[in-house]
Every structure is written in C-alpha cells, then in structure tokens.
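Read the structure below first, then the notes.
Protein chains: 2
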Amino acid sequence: MSVTSELARYVVEARPAELPEAVRREGMRAVLHLIGCAIGGCRHDTVEAALAALREFAGAPQASLLGRSEQIDVLNAALLNGIASHVLDFDDTHATCFVHPSGPVACAILSLAQHRKVSGADFVNAFVLGVEVECRIARAVIPAHYEIGWHLTGTAGVFGAAAAAGKLLGLDHRQMVWALGIAATQSAGLRESFGSMCKSLHSGRSAQNGLSAALLAARNFTAAEQGIEGKRGFANVMSTTRDLSVITDGLGATFELMSNTYKPFACGLVVHPVIDACLRLRAAHGLTETAIERVDVQIHPLVLELTGKRTPRTGLEGKFSVYHSAAVALIDGEALEAQYTDIRVNDPAVAGLTARVHATASPEIGREAAKVAVRLRDGSTLDCHVEHAVGSLEHPMTDAQIDAKVRALSVDVIGGARTEAMIALCRALWDQPDTGAVARAATPAG
Amino acid sequence: MSVTSELARYVVEARPAELPEAVRREGMRAVLHLIGCAIGGCRHDTVEAALAALREFAGAPQASLLGRSEQIDVLNAALLNGIASHVLDFDDTHATCFVHPSGPVACAILSLAQHRKVSGADFVNAFVLGVEVECRIARAVIPAHYEIGWHLTGTAGVFGAAAAAGKLLGLDHRQMVWALGIAATQSAGLRESFGSMCKSLHSGRSAQNGLSAALLAARNFTAAEQGIEGKRGFANVMSTTRDLSVITDGLGATFELMSNTYKPFACGLVVHPVIDACLRLRAAHGLTETAIERVDVQIHPLVLELTGKRTPRTGLEGKFSVYHSAAVALIDGEALEAQYTDIRVNDPAVAGLTARVHATASPEIGREAAKVAVRLRDGSTLDCHVEHAVGSLEHPMTDAQIDAKVRALSVDVIGGARTEAMIALCRALWDQPDTGAVARAATPAG
Chain A
1 MSVTSELARY VVEARPAELP EAVRREGMRA VLHLIGCAIG GCRHDTVEAA
51 LAALREFAGA PQASLLGRSE QIDVLNAALL NGIASHVLDF DDTHATCFVH
101 PSGPVACAIL SLAQHRKVSG ADFVNAFVLG VEVECRIARA VIPAHYEIGW
151 HLTGTAGVFG AAAAAGKLLG LDHRQMVWAL GIAATQSAGL RESFGSMCKS
201 LHSGRSAQNG LSAALLAARN FTAAEQGIEG KRGFANVMST TRDLSVITDG
251 LGATFELMSN TYKPFACGLV VHPVIDACLR LRAAHGLTET AIERVDVQIH
301 PLVLELTGKR TPRTGLEGKF SVYHSAAVAL IDGEALEAQY TDIRVNDPAV
351 AGLTARVHAT ASPEIGREAA KVAVRLRDGS TLDCHVEHAV GSLEHPMTDA
401 QIDAKVRALS VDVIGGARTE AMIALCRALW DQPDTGAVAR AATPAG
Chain B
1 MSVTSELARY VVEARPAELP EAVRREGMRA VLHLIGCAIG GCRHDTVEAA
51 LAALREFAGA PQASLLGRSE QIDVLNAALL NGIASHVLDF DDTHATCFVH
101 PSGPVACAIL SLAQHRKVSG ADFVNAFVLG VEVECRIARA VIPAHYEIGW
151 HLTGTAGVFG AAAAAGKLLG LDHRQMVWAL GIAATQSAGL RESFGSMCKS
201 LHSGRSAQNG LSAALLAARN FTAAEQGIEG KRGFANVMST TRDLSVITDG
251 LGATFELMSN TYKPFACGLV VHPVIDACLR LRAAHGLTET AIERVDVQIH
301 PLVLELTGKR TPRTGLEGKF SVYHSAAVAL IDGEALEAQY TDIRVNDPAV
351 AGLTARVHAT ASPEIGREAA KVAVRLRDGS TLDCHVEHAV GSLEHPMTDA
401 QIDAKVRALS VDVIGGARTE AMIALCRALW DQPDTGAVAR AATPAG
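Sequences listed follow chains A and B, in order. Per this note's numbering, the very first residue in the first sequence carries number 1; after that it's consecutive. Per this note's numbering, the very first residue in the second sequence carries number 1; after that it's consecutive.
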C-alpha cells in the first residue's frame with residue numbers, strides 16, 4: 001500500500017474511542033491554547049488588512065472570527081482565524097519538527113463545526129488526526145525541506161487541515177486520498193516571508209486550502225493517488241531528502257500531539273530559560289527591584305547572539321534583549337505581551353534593572369538551560385539553574401498555566417466572563433454535543 | 001535594484017499607449033480565445049464538482065461564470081473560470097516556456113473588471129503585463145523547475161494574476177512588490193496532479209490566489225521585498241537552476257505574448273502536423289472517404305510513441321491515435337471535440353478509414369512536421385508535407401481560425417447570437433469603455 005493511501009486509511013478509520021486519555025486531554029489543551037492565541041491576535045494589523053481586503057467578496061456569516069464580533073463564511077473564517085492564531089508568534093510548536101501544528105488544523109475545523117454539527121469527541125479526534133498527519137509529513141522531509149526555505153506550518157499544515165476537515169466530512173478512503181492530493185498540490189509557504197505579514201498568512205491559507213481540499217474531495221474532485229510519495233508528488237518535489245517510513249510507521253500507536261509544546265512567555269524560545277529562572281527566584285524569595293543590586297546570567301552563546309540588545313528602546317526590541325527580559329520578569333513576575341510594550345521597556349525602574357543585568361555566553365550551558373545569580377543589596381546572592389525551561393517537553397506548562405496564558409490573551413478582548421465560559425467549554429470539549437458553541441463563545445458579548 | 005523591485009516598477013509604470021499595435025492585437029486574440037476555452041469547459045465535471053463544493057461558502061453574485069447563468073463572488077469566479085479555461089487542455093501555450101499563460105491572468109482580471117469599471121485599453125494592458133510577468137518568471141527557472149515536478153501554469157501563473165490584478169487596482173511600487181511577494185509564497189502546483197482534476201485547479205487557484213495577493217497588497221498587507229530572488233524566495237527554493245536576468249532584461253522592448261500559440265485541434269500537439277496535412281489535402285482535392293484506398297503518414301518517432309493507439313474504442317483513446325486523427329480529419333474536415341467522441345471513433349466509415357491509415361516513424365522528420373500520402377482508389381497518389389503545423393509560432397492560427405474555434409466551443413453553450421456578440425466585443429476590446437461587458441456577454445441569454 002502506498003504512503004498516501006495508508007495514511008488516508010488510518011485517518012478514515014480512527015475512532016474517538018481509540019484515543020488514549022492523555023492524547024484526548026492534550027487535544028483539548030491544544031485547542032484551548034490555540035483559541036487563546038487567535039483571540040490575542042485578532043486585532044492585529046495583519047488581520048485587519050486581510051479582513052479589509054477580502055470581506056467584500058466573502059460569503060454568508062457562517063462562522064465566528066475568534067475574538068471579534070463579525071462572522072464570515074466558513075472558508076474565510078478558517079483563513080482569518082489561522083492568521084490571527086500565528087500573528088503573535090505565541091502559538092504552539094512541535095518539539096521535533098517545529099511545525100506550529102494547531103493553527104491550520106483547529107482553524108479549519110472550528111469553522112466547519114459551526115456549519116455542521118460536530119460532537120466534541122469527533123472534533124478532538126479529528127484535531128488529533130490532523131496534527132498527526134501534518135507532523136508526520138513534516139518529520140519525513142526535515143531538515144532538508146526546511147533548509148531549502150519552506151515554512152512547514154504552510155507546507156505541512158495544509159495536509160493536517162485537509163485530513164481533519166475530511167474526517168469531519170466523513171470522506172471515504174478514496175476521497176481522503178484525493179483530499180491529501182489536493183492538499184499536496186496547494187502546499188506552499190516560503191521562509192523568505194519571515195518578518196512580513198505573510199508568515200501568518202501561511203497558517204491561514206493552509207487552514208483554508210486544507211478545508212477546501214476536503215470539501216472538494218467530498219464532491220469527488222479527483223487528485224493524484226500518490227500526492228505525497230509520487231515521483232512528482234510533495235516529498236520528491238519539495239525536499240531533497242525524505243524518509244517516508246516516518247509517515248506510516250506506528251500509526252495509531254504513537255501520537256505527535258504528545259510532542260507539542262506551548263510558549264509561556266511572549267518572546268523567542270531561546271530566552272525562556274532565563275525568564276524561568278528569574279521567575280523562580282522572584283517567587284521563592286519575594287524579590288523586589290529595589291533589593292536587587294546586580295543580576296548575572298550565564299547562557300548558551302546562541303542566546304546572546306539572538307537576544308543581545310543591551311539597551312532596548314521599544315517593546316519589539318525588548319523581545320530581543322535577554323537583559324530586559326530578565327529585568328522585567330524579576331519586577332513583574334510575568335513575561336507576557338504587557339511586559340514587551342514601549343512603555344514598559346522605558347519605565348525607569350525596569351530600564352534601571354535592565355542596566356544592572358550582565359550576561360555571559362558559555363558553551364557549557366545547554367540551549368534550553370540558563371544559570372541566573374541575583375546579588376542583593378544586603379550582600380547575599382541567590383542562584384537558580386534551569387535545565388529545561390517551563391514550556392519545554394521536559395517541563396510542560398500545567399493546565400493552570402495554560403489557562404492563565406489564555407486569560408491574559410483573552411480577557412481584554414472578549415471580557416472575563418466569556419473567557420471563563422470559553423475555557424470551561426474547552427476543558428470539557430470531549431463531552432460537548434456541539435463544538436460550534438466553543439467558537440461562538442470565543443467572541444465578545446452581543 | 002532587485003529583480004522583484006525592478007519587475008514591479010515596470011508593471012506599475014507601463015501605460016496602454018506604450019503597447020505596440022501587434023501586441024495589443026495579440027492581447028485581444030488571446031483574451032477571446034481564452035474565453036472560448038472557458039465557455040467550452042464550463043460544464044465539465046471538474047467545474048461542476050468545484051462549484052458544488054464551494055458555492056455554499058461563496059459571496060455575492062458579483063461576476064459571471066463564463067458560459068453559465070450563475071454569478072458568484074469575484075474570487076470564486078476567478079477560480080472557477082480558471083478551472084474551466086484549462087479543463088479541456090485546449091487553451092494557449094507559450095512556445096518557449098510551456099506555460100498556459102492566459103487562464104490565470106485573464107480569469108483574475110475578467111472577474112475584477114466586473115466589480116470595478118475597467119476600460120478595454122487598461123484591461124488589455126494589464127493582461128499583457130500579467131502574461132509578461134508569468135512567462136519571464138517561468139523562463140528564468142526552466143527547465144529545472146519543470147523537471148523537478150512543478151506545473152508552471154500554477155507556480156508562475158499566480159505571479160501573472162497578481163501583477164495584472166495589481167495593475168488594475170492601481171498598486172504603487174511598494175504594494176506591487178508585496179503583491180509579487182504574496183504570490184511567491186502561494187506559488188504551488190505539482191505535476192503529480194496531471195491526469196486528475198487538480199491539473200486545471202492549478203490554473204484556477206493561480207488566478208484566485210494572484211487576485212487575492214493584489215487585493216491584500218492594496219490594503220498594505222506586507223510580504224517579502226525579494227519574493228522572487230531572495231535567498232528563501234521563489235527562484236532559489238523552487239528551482240535548482242535559475243537565470244534571473246531573463247526576468248528583467250529588455251522589459252518593455254520585447255513581449256512574451258508574441259510567443260503565444262493556440263491549438264487548432266482538440267488533441268495533443270504532437271499529432272497536429274498530421275491533421276494539418278490531412279485537412280490541406282482534403283481541402284485541395286475535395287477528398288471523400290470512399291475515394292481513399294490507403295493513407296501513409298511519416299512522423300517523428302515521438303509522435304508514434306505518444307499517439308500509437310491502433311484501434312481506439314473511445315473518444316479519449318482517439319486523441320492518442322494518430323490513425324483515428326488522420327482518418328477523421330480527412331472525413332470531417334475538422335479535429336475538434338466532436339471528432340473525439342465515442343460515437344465518432346466507432347462510426348463504421350471512420351473506423352474503416354482508420355484501419356487503412358499506416359504510420360511510419362522516421363527520425364528525419366521534425367517534431368513539428370509530417371508527411372502524408374493519400375492513395376486514391378483511382379490509382380493516383382496525393383502528397384502533403386507540413387513543416388510547421390497550423391497553430392505553431394511559424395504558422396499561427398489566423399483571426400478567422402481563432403473565431404471559428406471559439407464558435408465551435410461556444411455556440412452550443414451560449415447560443416450563436418451571443419457568441420457573435422461576444423466575439424465582436426473582444427475584437428474591439430481596446431475601445432470598450434467597460435470590460436465587464438465582455439464577461440457578461442459570455443453567458444447564456446436570460
């Protein structure tokens with residue numbers, strides 16, 4: 001049996017009851033987290049520009065724009081929610097293939113679930129399967145595919161969205177093969193786009209095009225039978241090396257979603273260990289800014305290379321400053337969007353402590369590790385060594401931490417009461433009779 | 001100046017008045033021909049399946065589906081007309097880069113021109129510029145890009161659609177750079193799709209995604225500044241070799257559209273010389289089937305390899321039979337869709353003459369050439385040697401032949417009167433105050 005056919009067979013046949021409890025729970029966490037990210041990003045200029053460009057051509061108000069009061073047709077909702085979910089670079093990351101897996105998949109089926117009734121169990125199952133498909137396809141072609149210049153959230157995401165949507169549409173095996181083939185021939189997304197609005201377009205288009213692949217296949221729109229492995233198919237055309245066995249080995253026995261990670265802090269992953277150490281010291285010792293004389297951090301050389309901004313002047317520069325990140329974490333006890341504003345970066349107390357942070361690159365420190373020493377004005381010194389930062393696979397965010405992150409992203413957008421209701425719906429998603437309620441809850445009142 | 005920037009500059013600045021008369025005329029021919037192809041394909045299963053899948057999510061009836069009574073939103077019209085234009089494999093072909101250039105470009109801006117008023121001169125200018133952009137980008141990366149497995153009508157077409165639509169939207173230079181960058185990061189289409197409905201999806205998606213790239217750029221949706229030539233841009237990621245000078249050399253001095261060709265016959269190009277020779281013999285000598293004892297054709301070996309079906313049983317098999325093609329051309333004096341039906345292939349007179357056609361492969365015959373000898377029952381023999389078949393760059397279809405082809409594709413779909421009106425509108429397209437009238441005319445009455 002060919003790779004595309006075998007993968008399609010698995011997706012068509014996998015039933016909710018077969019999902020292990022831990023995978024089911026991780027599915028619900030991932031969906032909640034993704035919705036939080038989309039709500040947090042829903043007013044970004046990128047989303048506003050896309051909505052302004054496309055709304056006059058859009059269809060009936062069938063699905064919610066997460067975090068917003070407008071509704072739009074199902075396919076445009078997939079696009080716009082997908083953009084919003086990735087625009088803050090705060091969404092999830094698969095630990096081994098670096099796909100941001102939830103955006104394309106969840107945004108495709110959150111839209112669809114508002115158009116046709118989908119139970120929570122079916123939804124979570126389809127979501128898990130979509131993530132499985134995109135991450136397996138991604139793993140089969142990395143690192144060459146990435147190094148060539150492809151952005152996997154676009155190129156692999158479209159397969160995940162197609163598989164998940166196709167599952168909810170009840171595609172038969174032949175149609176699922178076509179859905180994957182239609183996805184393959186739309187696979188796109190160049191890393192040249194990084195730093196522009198097109199980076200988050202990749203997440204949105206893969207959601208929209210994957211959903212549309214499934215809708216087309218449901219009408220017997222035909223495609224290549226070997227869209228993934230064929231001579232002129234995805235893996236041969238879009239990568240110089242490939243290991244197709246990764247796509248089919250152990251299907252149903254392992255779950256890619258269990259390698260998913262979530263970012264606790266609103267900046268690049270490399271500076272997370274330092275922030276984590278600062279937060280632990282602050283919590284353990286009740287630190288205040290005035291008590292701190294000097295902070296010394298030891299980090300992997302790459303961290304200093306990427307985040308060595310000594311005196312940041314803007315919130316964005318703050319994200320590229322390990323100095324600011326350490327200082328603001330010690331003062332605020334947080335490292336969310338609120339800690340990376342122009343105002344916060346230029347606050348005299350924050351900037352003052354930033355100037356008292358000293359960083360040393362040390363090749364002995366792992367990329368995921370950091371050592372932080374805080375010398376207090378009373379002469380004492382407090383140390384913390386973080387081997388794996390919170391949010392890593394070894395030290396995952398707790399449910400309470402995910403909830404807190406979602407709250408921080410959502411409360412100012414849709415209000416506290418609706419945020420809590422949405423969190424509660426997601427946490428019990430498996431038992432919801434109608435998943436459409438979740439996306440509808442993730443909007444402002446009225 | 002970078003390639004993307006220079007190309008964008010040219011598109012933004014090029015004015016209708018600068019178009020040479022011959023290019024202007026070729027633009028109008030190409031648009032008419034493309035509309036004919038789309039009308040001919042508009043009821044194909046591929047179009048029906050796509051429309052059935054997408055219509056419930058579509059927007060307001062803003063633009064015509066060519067050949068059909070339905071209207072749909074501008075972006076879906078671009079998609080569906082693009083599919084229809086390519087589904088018969090009867091649309092135009094660029095002689096050196098093998099892009100089917102008109103579908104993506106014309107379908108994008110025919111839709112747009114129904115939403116905002118566009119003069120004929122501006123329309124033809126934008127069309128010519130779109131073809132220029134897609135063919136130059138294609139030429140810069142062939143043959144490697146094609147050999148890897150990319151379908152240029154998808155991968156390059158999206159740039160052409162973006163440029164043409166962006167021109168009509170009045171994008172400034174910075175926005176045109178973004179439009180090309182948004183196109184680049186959506187560039188897609190695998191040759192693995194050949195033989196499935198996805199082949200014509202490539203023409204449709206490139207029209208739709210190119211148009212949407214221009215609409216996004218008009219709202220200042222940002223993209224890579226070097227979408228074509230950047231390290232992780234189109235040319236480096238999607239090809240193993242490239243000659244970027246092809247994209248910018250001689251802009252405004254040469255026109256890719258002048259290398260465009262049109263297919264006179266409804267089968268693969270390789271068998272066109274034989275058909276052309278048979279039609280010439282029939283016309284010159286008033287041949288009838290009963291007068292013919294035997295037909296001998298000499299052809300390039302590739303022709304026999306690709307179209308060697310000795311006894312075709314279906315219309316589709318007839319397209320892969322040089323024997324049937326010669327016989328039916330001699331009997332009917334045509335080689336259009338009507339000559340490639342199951343009924344026509346199995347007609348006793350046609351099948352009888354097919355059996356009396358003999359083919360010899362000869363390496364001395366060029367790929368674009370054929371020799372045909374017809375021995376009559378009276379003992380005489382008639383010869384014809386075609387060096388370049390009608391439809392080739394050396395022997396282009398006349399305006400009258402284009403009109404006749406369009407009529408054959410269109411009359412049964414929208415009726416004779418509307419076909420003539422549509423042809424007249426296209427032939428005088430340059431002087432139309434409102435190009436939207438053309439697409440509206442290309443539909444059935446009522």
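Where is the CB? At the ideal position from N, CA and C, for every residue including glycine.
So, helix, strand or coil for residue i, using DSSP?
{"i": "B/Ala445", "result": "coil"}
{"i": "A/Val295", "result": "strand"}
{"i": "B/Ser321", "result": "strand"}
{"i": "A/Arg205", "result": "helix"}
{"i": "A/Ser64", "result": "strand"}
{"i": "A/Lys231", "result": "coil"}
{"i": "A/Gln175", "result": "helix"}
{"i": "A/Gln71", "result": "strand"}
{"i": "B/Thr381", "result": "strand"}
{"i": "A/Asn346", "result": "helix"}
With 8 Å as the threshold, decide whether the Cβ of residue i is near any Cβ in chain A.
{"i": "B/Ala218", "result": "yes"}
{"i": "B/Asp73", "result": "yes"}
{"i": "B/His202", "result": "yes"}
{"i": "B/Glu368", "result": "no"}
{"i": "B/Gly227", "result": "yes"}
{"i": "B/His197", "result": "Strictly speaking, residue 197 of chain B in this sequence is Met, with His absent from that position. Yes, because at least one Cβ of chain A sits closer than 8 Å to the Cβ of B/Met197."}
{"i": "B/Phe255", "result": "no"}
{"i": "B/Gly160", "result": "no"}
{"i": "B/Trp150", "result": "yes"}
{"i": "B/Ala8", "result": "no"}
{"i": "B/Leu316", "result": "no"}
By alpha-carbon positions, which one of the options ends up nearest to residue i?
{"i": "B/Glu132", "options": "B/Pro104, B/Lys117, B/Ala144 and B/Ile343", "result": "B/Pro104"}
{"i": "A/Arg29", "options": "A/Val47, A/Ser259, A/Leu287 and A/Lys319", "result": "A/Ser259"}
{"i": "B/Glu317", "options": "B/Val295, B/Glu289 and B/Asp342", "result": "B/Asp342"}
{"i": "A/Leu50", "options": "A/Arg25, A/Ala253, A/Ala417 and A/Val87", "result": "The sequence as given places Ala at residue 50 of chain A; Leu does not occur at that position. Closest option to A/Ala50, Cα to Cα, is A/Val87."}
{"i": "B/Ala84", "options": "B/Cys37, B/His94, B/Ala108 and B/Ala126", "result": "B/Cys37"}
{"i": "A/Thr153", "options": "A/Gln208, A/Gly27 and A/His388", "result": "A/Gln208"}
{"i": "A/Val3", "options": "A/Leu244, A/Gly315, A/Val158 and A/Asp91", "result": "A/Leu244"}
{"i": "B/Asp276", "options": "B/Ala326, B/Gly352 and B/Met238", "result": "B/Ala326"}
{"i": "B/Thr311", "options": "B/Ala338, B/Val357 and B/Val297", "result": "B/Val357"}
{"i": "B/Ser380", "options": "B/Arg174, B/Phe90, B/His285 and B/Met176", "result": "B/His285"}
{"i": "B/Leu409", "options": "B/Val297, B/Phe90 and B/Asp296", "result": "B/Phe90"}
Between residue i and residue j, which are expected to be in contact by the criterion C-beta below 8 Å, what is the C-beta distance as a whole number of angstroms?
{"i": "B/Ala179", "j": "B/Ala224", "result": "Actually they are not in contact, since the Cβ atoms of B/Ala179 and B/Ala224 sit about 11 Å apart, beyond 8 Å."}
{"i": "A/Gly416", "j": "A/Ala445", "result": "The pair is not a contact, with the Cβ atoms about 11 Å apart (cut-off 8 Å)."}
{"i": "B/Gly27", "j": "B/Val124", "result": "4 Å"}
Determine, for residue i, whether the minimum Cβ-Cβ distance to residues of chain B falls below 8 Å.
{"i": "A/Asn81", "result": "no"}
{"i": "A/Gln114", "result": "no"}
{"i": "A/Ala467", "result": "The structure shown does not extend to residue 467 of chain A, since chain A spans only 1 to 446, so no value can be given for it."}
{"i": "A/Val237", "result": "yes"}
{"i": "A/Ile247", "result": "no"}
{"i": "A/Ala49", "result": "yes"}
{"i": "A/Ser2", "result": "no"}
{"i": "A/Val186", "result": "Note on residue identity: the sequence assigns Gln, not Val, to residue 186 of chain A. Chain B, which has a Cβ nearer than 8 Å to the Cβ of A/Gln186, makes this yes."}
Give a single yes or no on whether residue i has its beta carbon closer than 7 Å to a heavy atom of the ligand SAM.
{"i": "A/Lys199", "result": "Questions concerning the ligand SAM fall outside what the structure shown contains, since it holds no ligand whatsoever."}
Inset, instruction - Would you check if there are 3 or more beta carbon pairs closer than 8 Å linking the segment 146 to 157 of chain B to the segment 230 to 244 of chain A? - result: yes
Legend entry - At least three beta-carbon pairs within less than 8 Å, the segment 45 to 64 of chain B to the segment 420 to 434 of chain B: Taking 8 Å as the limit for Cβ pairs, the verdict is that the segment 420 to 434 of chain B does not touch the segment 45 to 64 of chain B.
Legend entry - the segment 19 to 26 of chain A contacting the segment 10 to 25 of chain B, beta-carbon criterion three pairs below 8 Å: no
Legend entry - Any 3 or more C-beta pairs closer than 8 Å across the segment 400 to 409 of chain B and the segment 279 to 289 of chain B: no
Inset, instruction - Evaluate contact between the segment 195 to 215 of chain A and the segment 172 to 186 of chain A, counting only Cβ atoms and requiring at least three cross-stretch pairs below 8 Å. - result: yes
Inset, instruction - Flag this pair as touching only if the segment 117 to 133 of chain A and the segment 64 to 78 of chain A have three or more C-beta atom pairs under 8 Å; answer yes or no. - result: no
Inset, instruction - Evaluate the contact criterion for the segment 3 to 15 of chain A versus the segment 94 to 114 of chain A: three or more CB pairs, one atom per stretch, below 8 Å. - result: no
Legend entry - Cβ contact check for the segment 261 to 278 of chain A and the segment 161 to 171 of chain A: 3 or more pairs under 8 Å: no
Legend entry - Sufficient close CB pairs (3 or more, under 8 Å) joining the segment 268 to 288 of chain B to the segment 314 to 330 of chain B: yes
Inset, instruction - Decide if the segment 291 to 304 of chain A is in contact with the segment 361 to 368 of chain A; the criterion is three or more beta carbon pairs, one per stretch, under 8 Å apart. - result: yes
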